[in-house]
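Have a look at the structure below before the remarks.
Protein chains in written order, with our numbering: chain U, 271 to 644; chain E, 271 to 644; chain Z, 271 to 644; chain B, 271 to 644.
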């Protein structure tokens, strides 16, 4: 496939550019008979939407989604579901000065070298705006997975710059502008971000995503392991530079006698595996961590070159998030949902006849994985 | 596709189990006219081969590869290249006692639940032995990429358990049984591993892989970014729990003014991006790090359950690597080679006509990324 | 992939239903730098458009296409091209009486059994209206193939019911409402169709499509032969029941001494092969014939059952083509264009380095294949 | 995918050349728990095997298949099944004289132009020998489909050159060297073929394949209709030039009042649709017809050119079938089995939850489709 499609059976093809007339996606392969309206999709889009606090970009986009096909009398029909979001607040003039230069850390240079031309307006297709259709598609998967298997996928921000915010409780996440799982950390984060903004700088973030209620048996031996497909999806999110499953990089220094999660009749003891063994889901929580790099568009002047290779200085005054990670949690959730959805369909395609002799054992009674302590 | 194929145009489908009659792969899509014999493939297989030092499994496998098709009079013909490796030293009796139990940290439980049965001999398809065909296929990509683009892919072990071994020089890597880039660290590593073996325990490892000479322009915007496909391939290697590109998780605490690699007429300044911007290669070195979990098969007794869900104690006495990471470098190199190869073909499929106006700028004169310092 | 995508590198995913808000497609993988506006696409859409003569359905659809993405300042950027066509003249009430019954020869029964529900309005997704996005995508391929390789794809109707209309000249095709290559046959065809309409009946058609200027070397040995992919695309058009390449079914009774096209320094002698040898294009004209079944929606009463399995009588009074084949030529052309486009990209992906020693030999100086004589 | 793989979930990748060391395939995606040994596969291979009568090539190949993987203790495990067939009677010297020339009607010219080189021995990869792995894979699908759904796929030769042999009874098919469904026609066919052999010439054939017991609901709207995928598979068989579903090209001259199969509570009336409506199986018999061109390798001298474009005369004295169609029935059956198998898995992936309200209605009590009468 040509690159803009995710999934093999639940296939999401996105289209659009930041400042073009519209963005959207086509979902092909959705099971029929799922009750679906725009109201099922909008809440996730609203969580990702810009302009909701002073800590994110002030671009105003309602991000109203329109279902163009694949739904009849409120039910999915099994045919492709096209979702359309019109771009509204596209101030391309803010970006006019970047048409001739390559912004450091951005895709400007690589797009230009690959394609010989680029839509420079707001980053064109490389804009984080293109995560909106992904979130919309993820909402469809979320509804089906919830109804069919009781799957719950949620996430939180566990580190902002060098401030780590360990997990305290899920109920805090929705109630603060950073999506951290400890509302008590908010004042420190606000002060930190205000300082960054004043300095015309930006920072990175770490996001944790947890999938619960995942059926045992999703995935394949080689190469399309469940964790491999998760890594692919997560690294495909703008600005992501690292992906961990379970203990992740901490497992390097772990001993085998510590890392390998024991099994007992009462269930697993621990979840260093992060819910995947040999590429196949174990029924434990899927725990995924991602690293998001600092926003590349900053006010501080930076060195670069223009289209002719001549040195220039770049300063970015457009509307940008000082930390793109703050709005990244729903995107990472959507990606996990899409991968799990695809694997649910793949699994029953091959293994629907399997009569399992052993009831799935319980997941470890473990808390969500917190960010590693310093 | 059904899961056991990597790549879209340079497609590698592997088959086989640890103790079956043979393992191998079919490479479909190799460009014609490449001079190729078994001698081009064997060296990489020999680097991955077990039994070469006391620090790795003592299973004796010559891993002689036979080319069954796709090569005529020493040249690839453009038709599928089938590679066959017969299994020779398969002592299935060593594993007989695991037929009825699920080894902690292994795929035993998940395979059984997914498929309803499993080939328990030596781990069956989930065995690290199945990385041999991957390495063989990678050697074909290595030859083509070297000739066509001057690509060089190499790697080293940068951490063993909690011992970090920063990069010193490439020439050390081949000359020590651990593949570290600092031969001076070998005595410490040997003592550490001997201690683990005595304790009947195991440890994890961190591997760095570097691709140089990568053409600018490989990759796609969404979702099949070059880094996303690298993450997929790397996380698909047995025992890998984390993947980083460039600065990886360190980028979380970096400021935007530090992370974004500036461009100058003389070239890039730094390579925090790890050679990928917006999912497309920048022409800088691809730098990839992976975390490998500790070997799950250890001599220490561990709790588990049997096929009936009853509690059992598991001790593993088969021939195992105390750290599978020690043999993992050629595997990770192969994966990177296969992904880059696939993207080279994808790129010219779409963009062969592009007349680039700007000559590619130089990569940063940076050393290979060393493991992060404590 | 989930079924609604055609192509592996030039990927066209369509969406929409006959009476939903819109239909359209996403083209992923188009080479960048192609000048493209709606004006390049509209002419092919207009050829397929309903309501242009009394011999086709009177549904009035302007079929105005809107480019939503993938084009910047009049040039393709290499990112997905989304094309949108709003439905305008959707009189769903005409079809209300079919909600509870299965029309013979239609997809009503099979959709209902597969999906458990169906969008019955105007046939929903199984409507011939869904060929519009295919034609739109084909127009993009037509432009690129014409510029890059001088490819010309055109077709004509060679049989309507039992009236065969052998090829006379290309210039006649555009000037008559049936698209036959012999304007002299028009009065006979008009009389025939008028008779059918009076009788409340319908008939089938045979279409010939010819691709000229096809580069030698497109295709693959097994299974994705160029002719296999053409057969897939053609049989995927609504109502098509048969596909032939070159001599087609006539080759059954041919002798080997007749069928095999000889080669001479002056070029091929004959083109029974239809431009494909061993699944790979020979550089001769691609000649493809398709059989289109009679329109299933007719005024004559027919037996059927309702959703409860009870017997009913079905008469169709909606606006229908008495022969869907009359508007099928641009659709078949589009399908051939899409397949050839995809294979052009596939071919250069694998074989861009091949230095051919022998200049391609000439195609046979043969006329376009006429319909077989009775 | 690179071209040598058939199927999306039940994926068959073949490899090998006519005179290389071995041919074979990898089946990825087979459901686990299917009892499988070589004895399940060999009978179909034996039906396709050369050397069984004087009317087919005298090449002696035992075509013994070896299962290399994916089966454990007699059951499929869900992992890739590799099948290997060693080439034994490869007399490459017979073909030495064709290394420098392009045989008319063969893939010699197109392979040379595409790849820049070719394995000329026995036709290399374009040899009909490569249908053996397809037949082997089809046997696996046959077993699963028979057990899971009661599917029966069988075929017969309905025309040899210009001699049509209408269907009489299935029981005749296995008992004559031509696979016709009327043993009474054998003497006429023998005389015809003996005449061809004396004349150093060859002829084509028409094959009918019928699939019974097909579940209703297999297929997808666009583009991967069941019939489209069947057309792709059939046209991918060596020497096939035409494919029909149901009434095929006869439907051109049919009226709508005749063609559209009516539905009654007692079942369908007729099967002009050939078991597919709107791309989705109706539960009626799948009826497929294919046209096979005459063998291109004949003793009569033919004009061609050599690698330098100079005129030469070609006569073929190797061991060839005077009509390749005689051995084609098991191949066409295998292709149909593979497509149906793939669609069974695709269907349950998407629609496993569908609760159908209406019991499938019966198939028409129609005889197998005979060849059209002159």
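Glycine included, C-beta positions come from ideal geometry on N, C-alpha and C.
Assuming the contact rule is C-beta atoms closer than 8 Å, residue 585 of chain B and residue 571 of chain B should be a hit. Round their C-beta distance to whole Å, please.
On the fourth chain, position 315 is the one that residue 585 of chain B refers to. On the fourth chain, position 301 is the one that residue 571 of chain B refers to. That belief holds up - the Cβ atoms of residue 585 of chain B and residue 571 of chain B are roughly 5 Å apart, short of 8 Å.
Considering only residues of the stretch 343-390 of chain Z, which uninterrupted alpha helix (DSSP H) runs meet the minimum length of 4 residues and lie entirely inside it, listed in chain order?
For the stretch 343-390 of chain Z, whole alpha helix (DSSP H) runs of length 4 or above, ordered along the chain, are 378-385.
Is there a Cβ of chain E sitting closer than 8 Å to that of residue 447 of chain Z, yes or no?
Counting from 1 along the third chain, the entry for residue 447 of chain Z is found at position 177. No, residue 447 of chain Z lies away from the interface with chain E (no Cβ there is under 8 Å from its Cβ).
Of the residues that make up the stretch 290-308 of chain E, which ones have a beta carbon closer than 7 Å to any beta carbon in chain Z?
Here the close residues are 299, 301, 302, 303.
Kindly indicate which residue of U:278, U:496, U:407, U:382 has the alpha-carbon position closest to the one of residue 297 of chain U.
Within the first chain, the letter at position 27 stands for residue 297 of chain U. The residue with the shortest Cα to Cα distance from residue 297 of chain U is U:407.
In chain order, which beta strand (DSSP E) runs of at least 3 residues are fully inside the stretch 540-571 of chain E?
Taking only runs of at least 3 residues, the beta strand (DSSP E) segments lying wholly in the stretch 540-571 of chain E are 556-562.
Please classify residue 468 of chain B as buried or exposed, where buried requires at least 16 other C-beta atoms within 10 Å of its C-beta.
Along the fourth chain, read from residue 1 onward, the residue named residue 468 of chain B stands at position 198. Classification for residue 468 of chain B: exposed.
Counting only beta-carbon atoms, is residue 358 of chain B nearer than 8 Å to chain E?
Here residue 358 of chain B refers to the residue found at position 88 of the fourth chain. It does not; no Cβ of chain E falls within 8 Å.
Just reading off the alpha helix (DSSP H) that residue 468 of chain U is part of, what are its end residues?
Residue numbering aside, residue 468 of chain U sits at position 198 when the first chain is read from its first letter. 456-469 is the span of the alpha helix (DSSP H), which, as asked, contains residue 468 of chain U.
Using a Cβ cut-off of 9 Å, which residues of the stretch 376-389 of chain Z contact any Cβ in chain B, in chain order?
For the stretch 376-389 of chain Z, which is checked against every Cβ of chain B, the residues closer than 9 Å are 376, 377, 378, 379, 380, 381, 382, 383, 384, 385, 386, 387.
Taking only beta-carbon positions, decide if residue 352 of chain U is within less than 8 Å of chain Z.
On the first chain, position 82 is the one that residue 352 of chain U refers to. Output row for residue 352 of chain U: interface = yes.
What residue range does the beta strand (DSSP E) around residue 517 of chain B cover?
Translated into positions along the fourth chain, residue 517 of chain B becomes position 247. Unbroken run through residue 517 of chain B: none, as it is neither H nor E.
Residues in the stretch 617-635 of chain B with C-beta within 7 Å of chain U's C-beta atoms, listed in sequence order?
So the close ones are 618, 619, 620, 621, 622, 623, 624.
Hey, how far is the Cα of residue 319 of chain E from the Cα of residue 472 of chain E?
Taking the first residue of the second chain as 1, we reach residue 319 of chain E at position 49. Taking the first residue of the second chain as 1, we reach residue 472 of chain E at position 202. Rounded to whole angstroms, residue 319 of chain E to residue 472 of chain E spans 19 Å at the Cα level.
Exposed or buried, residue 544 of chain Z, counting other C-beta atoms within 10 Å across all chains shown (16 or more means buried)?
Against the third chain, residue 544 of chain Z aligns to sequence position 274. By the 10 Å Cβ count, residue 544 of chain Z comes out buried.
For the stretch 479-494 of chain B against the stretch 598-614 of chain B, do three or more pairs of beta-carbon atoms, one drawn from each stretch, fall closer than 8 Å, so that the two count as touching?
Yes, they touch.
Alpha carbon to alpha carbon, what distance is there between residue 450 of chain B and residue 439 of chain B?
Along the fourth chain, one-based indexing puts residue 439 of chain B at 169. Along the fourth chain, one-based indexing puts residue 450 of chain B at 180. Going from the Cα of residue 439 of chain B to the Cα of residue 450 of chain B covers about 9 Å.
Counting C-beta neighbours from all protein chains within 10 Å, is the total for residue 276 of chain B 16 or more, i.e. buried, or is it exposed?
Counting from 1 along the fourth chain, the entry for residue 276 of chain B is found at position 6. Under this definition residue 276 of chain B is a buried residue.
Could you pull the start and end residues of the beta strand (DSSP E) that residue 298 of chain E belongs to?
The residue you call residue 298 of chain E lines up with position 28 of the second chain. From DSSP, the beta strand (DSSP E) with residue 298 of chain E extends over 292-298.
Between B:378, B:562, B:402, which lies nearest to residue 393 of chain B when the distance is taken from Cα to Cα?
Within the fourth chain, numbered from 1, the residue matching residue 393 of chain B stands at position 123. Minimum Cα distance to residue 393 of chain B is reached at B:378.
At a cut-off of 7 Å, would you count residue 559 of chain B as near the ligand FAD, judging by its Cβ distance to the nearest heavy atom?
Because no ligand of any kind appears in the structure shown, any question about the ligand FAD cannot be addressed here.
If you follow the alpha helix (DSSP H) that residue 219 of chain U is in, where does it begin and where does it stop?
No answer is possible for residue 219 of chain U: it lies beyond the span of chain U, which begins at 271 and ends at 644.
May I have the straight-line CA-CA distance separating residue 396 of chain E from residue 483 of chain Z, to the nearest angstrom?
Locating residue 396 of chain E in the second chain gives position 126, counting from the first residue. Locating residue 483 of chain Z in the third chain gives position 213, counting from the first residue. One C-alpha to the other measures close to 50 Å.
In chain order, what residues of the same chain lie with their CB nearer than 7 Å to the CB of residue 445 of chain U, ignoring the 5 residues before and after it?
Within the first chain, residue 445 of chain U is the residue found at index 175, counting from 1. So the list reads 453, once near-sequence residues are dropped.
Considering only residues of the stretch 415-458 of chain U, which uninterrupted beta strand (DSSP E) runs meet the minimum length of 3 residues and lie entirely inside it, listed in chain order?
DSSP runs (the beta strand (DSSP E)) wholly in the stretch 415-458 of chain U: 422-430.
Taking C-alpha atoms, which residue in B:470, B:305, B:498 lies nearest to residue 590 of chain B?
Along the fourth chain, one-based indexing puts residue 590 of chain B at 320. The option with the nearest alpha carbon to residue 590 of chain B is B:470.
Closer than 9 Å, Cβ to any Cβ of chain B: which residues of the stretch 496-509 of chain Z, in chain order?
Of all residues in the stretch 496-509 of chain Z, 497, 498, 499, 500, 501, 502, 503, 504, 505, 506, 507, 508, 509 have a Cβ within less than 9 Å of some Cβ in chain B.
Could you run through the stretch 572-601 of chain E and flag, in chain order, every residue whose CB is less than 9 Å away from some CB of chain B?
Answer set for the stretch 572-601 of chain E: empty.
Hey, residue 400 of chain E and residue 293 of chain E: beta-carbon distance below 8 Å or not?
Mapped onto the second chain, residue 400 of chain E falls at position 130. Mapped onto the second chain, residue 293 of chain E falls at position 23. Yes, the Cβ-Cβ distance between residue 400 of chain E and residue 293 of chain E is below 8 Å.
From residue 642 of chain Z to residue 460 of chain Z, what distance separates their C-alpha atoms?
If you number the third chain from 1, residue 642 of chain Z lands on position 372. If you number the third chain from 1, residue 460 of chain Z lands on position 190. Below a pLDDT of 50, predicted positions are generally treated as unreliable, and residue 642 of chain Z, at 41, falls in that range; the measurement from the model is reported next regardless. Cα to Cα, residue 642 of chain Z sits roughly 22 Å from residue 460 of chain Z.
Taking Cβ-Cβ distances shorter than 9 Å, what residues in chain E pair up with residue 279 of chain Z?
The count along the third chain starts at 1 and reaches residue 279 of chain Z at position 9. Here the neighbours are 278, 279, 616, 619, 620.
If you measure between the beta carbons of residue 600 of chain Z and residue 359 of chain Z, is that distance less than 8 Å?
Locating residue 600 of chain Z in the third chain gives position 330, counting from the first residue. Locating residue 359 of chain Z in the third chain gives position 89, counting from the first residue. Cβ distance not < 8 Å, so residue 600 of chain Z and residue 359 of chain Z don't count as in contact.
For residue 411 of chain U, count neighbouring C-beta atoms within 10 Å of its own C-beta (all shown protein chains included) and say buried if the count is 16 or more, exposed if not.
Here residue 411 of chain U corresponds to residue number 141 of the first chain, with the count starting at 1. Under this definition residue 411 of chain U is a buried residue.
Near residue 389 of chain E, which residues of its chain fall below 6 Å by C-beta distance, leaving aside the five closest residues on each side in sequence?
Working through the second chain from its first residue, we reach residue 389 of chain E at position 119. Only 287 meet the Cβ criterion.
Under 9 Å between beta-carbons, which chain Z residues line up against residue 485 of chain E? List them in chain order, please.
As a working mapping, residue 485 of chain E is identified with position 215 in the second chain. Per Cβ cutoff of 9 Å: no residues; residue 485 of chain E is ~13 Å from chain Z at best.
Identify, in the order they occur along the chain, each residue of the same chain with its Cβ nearer than 6 Å to the Cβ of residue 503 of chain Z, setting aside the five sequence neighbours on each side.
Numbered from 1 along the third chain, position 233 holds the residue referred to as residue 503 of chain Z. Closer than 6 Å at Cβ, skipping near neighbours: 605, 609.
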